[in-house]
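*Asks:*
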Amino acid sequence: MNKYELAEKQTQQWLEDAIIGLNLCPFAHKPNKNKQIKIAVTPATTEEQLLEFILEEFQILDSKDPKELETTLVVFPDVLQDFMDYNFFLDWVDGLIKQQDYEGIYQVATFHPEYYFHGTQPEDAENLTNRSPYPTIHLIREESMEKVLKHYPNPEAIPDTNIARVESLTQEEKNKLFPYLFS
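This is the structure:
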């Protein structure tokens, strides 16, 4: 298994065990079960290559019916390992969305092994909600998100519920769910 196949496998495991298993994203179970989530691992080694890859993945989403492909996780093991560099790169992604007239069509969610929220310390448990095995950008169809949010009670509570969930984990559970962080 090469490192890109390993990255795909580890990302799928994280998706199933942490994101779905802990219910950090209450909307992920159904598309995962229906095999509508694509994990696109790129060998990009520069920000420019990564941005081109992200554009290609947006175009693939454009060409597919959501029943066939709902969402994409873009995983990049060879670039933006530093969280601050990753965070600055997100401005390029926002610019790409604007440039391609994707505002209102797509949005992104962000994940990184070193992820930490503004106002938190890097070691704070709440950061686990967005810690992935590799730097990752989740490409989300806004229309699909709007549909599921209409049927979800109190979606504003999701972040607080997620924080409480990861803060309640024992160290043993953290080791199992996030082996790339606690090995």
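Here the numbering used here is used: the first residue of the sequence shown is 60, the next is one more, and so on. Even for Gly, the Cβ is constructed at its ideal location relative to N, Cα and C.
In whole angstroms, what separates the C-alpha of residue 165 from that of residue 201?
*Replies:* The alpha-carbon atoms of residue 165 and residue 201 are separated by roughly 5 Å.
*Asks:* Using a threshold of 9 Å, state whether the C-beta atoms of residue 87 and residue 133 are closer than that.
*Replies:* Going by C-beta atoms, residue 87 is not nearer than 9 Å to residue 133.
*Asks:* Mapping DSSP to helix, strand and coil, what is residue 236?
*Replies:* DSSP places residue 236 in helix when its eight states are reduced to three.
*Asks:* Report yes if the CB atom of residue 169 is closer than 9 Å to the CB atom of residue 138, and no otherwise.
*Replies:* No.
*Asks:* So, are the CB atoms of residue 190 and residue 171 less than 9 Å apart?
*Replies:* Contact flag set, yes.
*Asks:* As an exercise, report each continuous alpha helix (DSSP H) stretch of at least 4 residues that is fully enclosed by the segment 97 to 162, in chain order.
*Replies:* Complete alpha helix (DSSP H) runs here, min 4: 106 to 122 and 142 to 158.
*Asks:* DSSP state of residue 248, grouped into three classes?
*Replies:* As shown, the chain starts at 60 and ends at 242. That puts residue 248 outside it, with no answer to give.
*Asks:* When the Cα atoms are used, what is the spatial distance from residue 178 to residue 218?
*Replies:* Roughly 15 Å between the two C-alpha positions.
*Asks:* Three or more C-beta pairs under 8 Å: does that hold for the segment 153 to 164 against the segment 110 to 122?
*Replies:* Counting Cβ pairs under 8 Å, three or more are found: they touch.
*Asks:* Does residue 83 come out as helix, strand or coil in the three-state DSSP assignment?
*Replies:* Residue 83 falls in the coil class under three-state DSSP.
*Asks:* Residue 199 bridges to which residues according to DSSP?
*Replies:* DSSP lists 166 as partners of residue 199.
*Asks:* Could you check where the alpha helix (DSSP H) with residue 89 kicks off and where it finishes?
*Replies:* Run containing residue 89: 88 to 92, per the alpha helix (DSSP H) assignment.
*Asks:* For my contact list, residue 193 and residue 142 are in at a C-beta cut-off of 8 Å; report their separation, rounded to the angstrom.
*Replies:* Not quite, the Cβ-Cβ distance comes to about 12 Å (not below 8 Å), so this is no contact.
*Asks:* Out of 167, 228, 96 and 176, which one is the CA nearest neighbour of residue 197?
*Replies:* Checked all of 167, 228, 96 and 176; the closest Cα to residue 197 is 167.
*Asks:* Let's see if you can read the secondary structure: which residues bound the alpha helix (DSSP H) around residue 63?
*Replies:* Segment 62 to 73, the alpha helix (DSSP H) holding residue 63.
*Asks:* Which term fits residue 237, buried or exposed, when burial requires 16 or more other beta carbons within 10 angstroms of its beta carbon?
*Replies:* It counts as buried.
*Asks:* Following the continuous alpha helix (DSSP H) through residue 213, name the residue where it begins and the one where it ends.
*Replies:* Looking at the DSSP string, residue 213 is not in any alpha helix (DSSP H), and its letter there is neither H nor E.
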